[in-house]
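Number of protein chains: 4
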Amino acid sequence: MIIVLKPAISKKDENEVLKEIKKLGYKPHVMRGVERTVVGAIGDERTHQSLEVLSSWPQVESVMPVQKRYKLVSREAHKTTSTIKVGKQIIGGKKFQVMAGPCSVEDEMQLMKTAHAVAKAGATILRGGAFKPRTSPYEFQGLGEKGLKLLAKARRETGLYVITELLSEAHAELVAEYSDILQIGARNAQNFQLLIAAAKTGKPVLLKRGLSMKIEEWLLAGEYVLSNNNPNLMFCERGIRTFETYTRNTLDLSTIPIIKKESHCPIIIDPSQGAGRADLVVSMCKGAAAMGADALLIEVHPNPAEAWSDGAQQLSLEGFAKLMEELKPFIAAAGRD
Amino acid sequence: MIIVLKPAISKKDENEVLKEIKKLGYKPHVMRGVERTVVGAIGDERTHQSLEVLSSWPQVESVMPVQKRYKLVSREAHKTTSTIKVGKQIIGGKKFQVMAGPCSVEDEMQLMKTAHAVAKAGATILRGGAFKPRTSPYEFQGLGEKGLKLLAKARRETGLYVITELLSEAHAELVAEYSDILQIGARNAQNFQLLIAAAKTGKPVLLKRGLSMKIEEWLLAGEYVLSNNNPNLMFCERGIRTFETYTRNTLDLSTIPIIKKESHCPIIIDPSQGAGRADLVVSMCKGAAAMGADALLIEVHPNPAEAWSDGAQQLSLEGFAKLMEELKPFIAAAGRD
Amino acid sequence: MIIVLKPAISKKDENEVLKEIKKLGYKPHVMRGVERTVVGAIGDERTHQSLEVLSSWPQVESVMPVQKRYKLVSREAHKTTSTIKVGKQIIGGKKFQVMAGPCSVEDEMQLMKTAHAVAKAGATILRGGAFKPRTSPYEFQGLGEKGLKLLAKARRETGLYVITELLSEAHAELVAEYSDILQIGARNAQNFQLLIAAAKTGKPVLLKRGLSMKIEEWLLAGEYVLSNNNPNLMFCERGIRTFETYTRNTLDLSTIPIIKKESHCPIIIDPSQGAGRADLVVSMCKGAAAMGADALLIEVHPNPAEAWSDGAQQLSLEGFAKLMEELKPFIAAAGRD
Amino acid sequence: MIIVLKPAISKKDENEVLKEIKKLGYKPHVMRGVERTVVGAIGDERTHQSLEVLSSWPQVESVMPVQKRYKLVSREAHKTTSTIKVGKQIIGGKKFQVMAGPCSVEDEMQLMKTAHAVAKAGATILRGGAFKPRTSPYEFQGLGEKGLKLLAKARRETGLYVITELLSEAHAELVAEYSDILQIGARNAQNFQLLIAAAKTGKPVLLKRGLSMKIEEWLLAGEYVLSNNNPNLMFCERGIRTFETYTRNTLDLSTIPIIKKESHCPIIIDPSQGAGRADLVVSMCKGAAAMGADALLIEVHPNPAEAWSDGAQQLSLEGFAKLMEELKPFIAAAGRD
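Protein chains in written order, with the numbering used here: chain R, 56 to 392; chain U, 56 to 392; chain V, 56 to 392; chain D, 56 to 392.
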């Protein structure tokens, strides 16, 4: 930690700060500058009690951490890139993966039709919400266990693996029974009890970025998964909340090189939530592939105009097949299969 | 709903839109403007299936809702102002209430010392975290049930009522046993399963605004409480996330007149989380009182510099007593006791 | 400056950084921590070339400034609070000042009627736009010099002083001839050439905060005024841009204690732009007065519904008179006249 | 315009609104819904006085525009895609263009070395700041006219065309004399007087997006150029301001498909300002090329670590040459040369 003292404080005031630094288990190191005195507090910032409380002292102008707060998710801790095995598929490896399916599971026909179509077009993982977090209590909340059973049926029929959202600690075992990957949604990205429950199922966890989550906070939320003995974590960018109203969210594609640099975990892009408009999804998929994303998570529906949730952002079956064709040269240019 | 059609579409394309509107249970009403044709879809937007999916149709430029999405929390539904009884105290009434206490319950001495001091200075409700949501898994996570027991002891000794945070559905009954008000924190403000679990305990619920929650979303989250048969809801503004880095969050005091206008539920201000700096808290409390807030939620600690969490934003016991004195003329000017 | 080196770099790499620090005119001071080495670069950060470029070096993890970048506007540089004389009125002194008037000057009758009404209600300064910055080129751009002449006439008739916006360097002398205070609008808050031109007229300058301006940037923009030999600067908060859409902007009232703490210059609040809705303005004025603002800048119009610009946020003459009455106890509670 | 009336207002109140709508030149069209009455106001929203002022009426709940506010920049007005001729080069055509050069022109050697290197690597346009907008008045403000002359010399020697920033209306003719494209920076994106001055020089104008500019506002700012008889406008995304602090700004690559959809003007991406970190620039360039950008604007410096401004975000000469190689397959995949 670096502690910047206020200008022109007395020797006595300075000594009090130094004493407190020692009391908290750090070794102080004083550096006198032209206008301000700076104290380096030497010690492991992750195991000692935080010195940030010093910022409330009248003698102190600011306190700046030096070490990174995340550890297990960091590339420093794990130099090689992690890959995640989902059945016969590998996420984060040479093969560019596509997860696709409806926003919500609505009925058997809708799901089977979509599953067969996305499998045919080249997707390997089927997405579909059975438990849906909805802004209003009066909106469709998902089919629940019935939806999970339909997903399992689609898996048997198509060979696709399944990803679905976990909404409640109470459902962790149930959802893990039917799903190959557990998704933690943006609204629950800092619901740490849910993250721990998901980690403990042993299933791979896809952690979406919260609407106003800083990258450091996202990595630290991931740390809750890894520190609960589940190494199979992937990050998923789905757009952040900004002042712009043209799109539903602002998809932050810079997270691709940033997560690759800071972490060893795979990075997935969800352009459907990011754009909130199907007509922008295709372009964003191309950008994501070119920038080195490991996979895409795309909403596809046989009839987007009649979807029970988020119709505006879902691709049609034909639209998805066309996208998969158009993506090929970009995936190849990025050195992926 | 208002559906704006793209300019210069064919009669056939227009008819398809009208047909779909009818199919979804609305009556279309066509209005031809200078450049664009607009269709009013008449029907109850809250009970019919949403027409927003039409925005994905190629014929449609935009879809705009006309009705408000929230109902039970709205002032339209409930013309008189709601008050909440917490023991002998009333929140939302003539008396301006102050809830104060440490960020985290750390040990018996810290809590009792704070409880006696805030009671003496005029607070009626004791705050204190027993389960703490922390950005990093390596930070202090709260004393858990032991913390709840200390809060209950402080209640017995001081006569203060208790508010504490509920973090997990699994703890709802436990926390409700010890606490007079359940707090839903900013990170869980759209954890709807937790909101439902809190509502079902029957205890009053204080719902903090999420870091990037629009006012409409906040009101709709509150709707989850009221629609689960718990009428005792209060909203608590604690700062939103913006680009500014001088303060931890940007406290949005305009929520006071807005919540008063849109809803019948009380509005509480938490300036400690909002500012993240004790030196700004006093000024913000004055503003909140002047603008008509029903209560304040303030972090107070016997020794902020040694607090186990968020030391920078906690007031000292002396600082709190001084604040309570300074607030008096502003509370009086706002017509409160 | 504090330079944090990457973990585990070679001695040779470290020496290159130290050599560069010396070359840029600083004295390096090495501190070895548990995981990382930190270098303090001692020297005056405001006069030496910036060390921030080092952050592009592969050996360097981050570079953190220690000194504040603003100087003349800071309270460190000028311990006593500055006041600004505008004719017989003083801004920043014991008297709470109110500046009021229409968004745009539209015609003589509108302006005179407003001027007489706001003067009678207690305002001392008349606001009114003659040159208007409009988002669209097809919107009313202001009466220009004709508007300035009407403002001057209103000053003669009512004794009110005049504040109006300066939009173009080319108009600096013209606007200064008719106006007692020059306003720099939010869109031009980092139009440094305009700030310099305004400063050079010698008239007091009111600098609005830009829509996405950090407080540090705002203070530095003010530095352009003071460093061009004009000491009569006041800051004006008018709302920042956030994700919230209920209000036009989010009025950041925490700027009142922050500017008071960081700077010696007065702080003014403009609740009309901040809220974008007249029905919220009254409450925000009370908050601003309670929190210690030096003045208010309020939009008032004889018939808001027929205003040529921003009608939604302007108070009626009666609304303004009522507000002035209601504000009195809050101004008194804040220790002002 | 659509005017939504408050629920349960009297017939008399409703009639007053209808009367005002007629008075403002629109034809009202009443639609009675289940809970609310909605009035369509038929007329050209761009030429009539705005009805938005009605939102301040007590009878009115909200007012929603139906027409788009921009006209000349819109694809509706101009179905074919516009291209801009800069000497022998075309921006917005089949050829993907690269503009590169230093953030600031520092001296002859720095500029010539960079110009020759970027020309050799395939850039066709040289960027370089002669007048620099700097957050602090104590930072390097650019070489001014001397810098312009060096840019002109580099053009003669290398055949590259020149783009440089226009900061002040007073410099419009001077800068236009030396430059092939005038750049309007993010801080001046709503400095409409500067936009008009730039348009009137007749030179192509590159308009950067302001830090917190909505896409609609950006298009409307472009409207100031086209409506002043200059058809040669290009938009340049350079990152918006969000809560994230890992990067300097958040580069919004979704602007590529959005500008292509809404406007006929070219869209350029500036990844250097967007990322603020050279190590992320390469990935962002690939994304931009894949998503269909017309050109890139990249900061390149012979020795980024010693640059006089923004060193952290500038590529080295070798880094730039390598980037140009790596971009090729992505440009090809996007169907460009």
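Each residue gets a CB set at the ideal place from its N, CA and C atoms; glycine is no exception.
Which value, in whole angstroms, describes the spacing of the CA atoms of residue 137 (chain R) and residue 313 (chain R)?
Rounded to whole angstroms, residue 137 (chain R) to residue 313 (chain R) spans 15 Å at the Cα level.
Answer with yes or no whether the minimum CB distance from residue 129 (chain R) to chain U is below 9 Å.
With 9 Å as the cut-off, residue 129 (chain R) does not count as an interface residue toward chain U.
Beta strand (DSSP E) containing residue 236 (chain U): first to last residue?
First-last of the beta strand (DSSP E) with residue 236 (chain U): 236 to 239.
Would you mind telling me which residues of chain V sit closer than 7 Å to residue 81 (chain D), beta carbon to beta carbon, in chain order?
Correct list: empty, because the minimum Cβ distance to chain V is about 14 Å.
On the criterion of 16 or more Cβ atoms from any shown chain inside 10 Å, does residue 65 (chain R) qualify as buried, or is it exposed?
Its Cβ having fewer than 16 others within 10 Å, residue 65 (chain R) is exposed.
Between D:321, D:192, D:256, which lies nearest to residue 276 (chain V) when the distance is taken from Cα to Cα?
It is D:192 whose Cα lies nearest to the Cα of residue 276 (chain V).
Kindly indicate which three-state DSSP category residue 320 (chain U) falls into: helix, strand or coil?
Residue state, collapsed to three classes: coil.
Assign residue 154 (chain U) to one of three DSSP states: helix, strand, or coil.
Strand, per DSSP.
Between the beta-carbon of residue 86 (chain U) and the beta-carbon of residue 95 (chain D), is there less than 9 Å?
Yes.
What would DSSP say about residue 81 (chain U), mapped onto helix, strand or coil?
Three-state result, residue 81 (chain U): coil.
Cα-Cα, which of V:69, V:349, V:339, V:293 is closest to residue 320 (chain V)?
Closest by alpha carbon: V:349.
If the cut is a Cβ gap below 8 Å, which residues of chain V does residue 112 (chain D) touch?
What residue 112 (chain D) touches in chain V: 360.
Closest to residue 118 (chain D) by CA distance: which of V:360, V:383, V:391 is it?
That would be V:360, whose Cα lies nearest to the Cα of residue 118 (chain D).
Residues of chain R with CB under 9 Å from residue 278 (chain D), in chain order?
Simply none; closest approach about 16 Å.
Where do the ends of the beta strand (DSSP E) carrying residue 216 (chain D) lie?
Per DSSP, residue 216 (chain D) belongs to the beta strand (DSSP E) from 216 to 220.
Candidates V:233, V:243, V:272: which alpha carbon is nearest residue 189 (chain V)'s?
Measuring from the Cα of residue 189 (chain V), the nearest candidate turns out to be V:243.
Please confirm whether residue 357 (chain D) has its beta-carbon closer than 9 Å to some beta-carbon of chain V.
Closer than 9 Å: no.
Based on the DSSP output, what are the partners of residue 59 (chain V) in its beta bridges?
V:93, V:117.
Going by beta carbon distance, what residues of the same chain come within less than 6 Å of residue 254 (chain R), once the five residues before and after it are set aside?
The answer, listed in chain order, is 280, 283, 285.
At least one CB of chain D closer than 9 Å to the CB of residue 337 (chain V): is that the case?
Chain D, which has no Cβ nearer than 9 Å to the Cβ of residue 337 (chain V), makes this no.
Here's the rule: buried if 16 or more other CB atoms are within 10 angstroms of the residue's CB, otherwise exposed. What is residue 289 (chain R)?
By the neighbour-count rule (16 or more Cβ atoms within 10 Å), residue 289 (chain R) is buried.
Please name the residue or residues paired with residue 144 (chain V) in a DSSP beta bridge.
Answer by DSSP bridge pairing, in chain order: V:141.
On the premise that residue 169 (chain R) lies in contact with residue 357 (chain R), defined as a C-beta separation below 8 Å, what is that separation, rounded to the nearest angstrom?
Contact flag correct, Cβ pair sits at about 6 Å.
What does residue 269 (chain D) touch in chain R if you count any residue whose Cβ is under 8 Å from its own?
298, 299, 300, 301, listed in chain order.
Taking the alpha carbon of residue 327 (chain V) as the reference point, which residue from V:384, V:144, V:306 has its own alpha carbon closest?
Among V:384, V:144, V:306, the Cα nearest to that of residue 327 (chain V) belongs to V:306.
Between the beta-carbon of residue 241 (chain U) and the beta-carbon of residue 263 (chain U), is there less than 9 Å?
Closer than 9 Å, so yes.
When you check each C-beta in the region 115 to 129 of chain U against every C-beta of chain V, which residues fall closer than 7 Å?
Against chain V - using a Cβ distance shorter than 7 Å - the region 115 to 129 of chain U contributes no residues.
In the DSSP assignment, find the unbroken beta strand (DSSP E) run with residue 290 (chain V) in it and report its ends.
Where residue 290 (chain V) is concerned, the enclosing beta strand (DSSP E) stretches over 288 to 292.
I need the DSSP call for residue 225 (chain D), collapsed to helix, strand or coil.
Three-state result, residue 225 (chain D): helix.
What does a CB cutoff of less than 8 Å around residue 299 (chain U) pick up in its chain, not counting 5 residues either side in sequence?
Counting only Cβ-Cβ distances below 8 Å, and skipping sequence neighbours, we find 305.
Could you tell me how far apart the beta carbons of residue 197 (chain V) and residue 185 (chain V) are, in whole angstroms, since I believe they sit closer than 8 Å?
Yes, residue 197 (chain V) and residue 185 (chain V) are in contact; Cβ-Cβ is about 5 Å, under 8 Å.
Please identify, using Cβ separations under 7 Å, the residues of the region 232 to 266 of chain V that lie next to chain A, in order along the chain.
Structure shown: chain A not included; protein chains present are R, U, V and D.
Could you work out which residue in U:92, U:156, U:296 is closest to residue 202 (chain U) when comparing CA atoms only?
Closest option to residue 202 (chain U), Cα to Cα, is U:156.
Just checking my contact of residue 100 (chain R) with residue 120 (chain R) at CB under 8 Å: how many whole Å lie between their CB atoms?
So it is a contact: roughly 6 Å between Cβ atoms.
When we look at the beta-carbon of residue 107 (chain R) and count the other beta-carbons within 10 Å, is it buried (16 or more) or exposed?
So residue 107 (chain R) counts as buried.
Under 9 Å between C-beta atoms, does residue 156 (chain R) make it to chain D?
So, not an interface residue.
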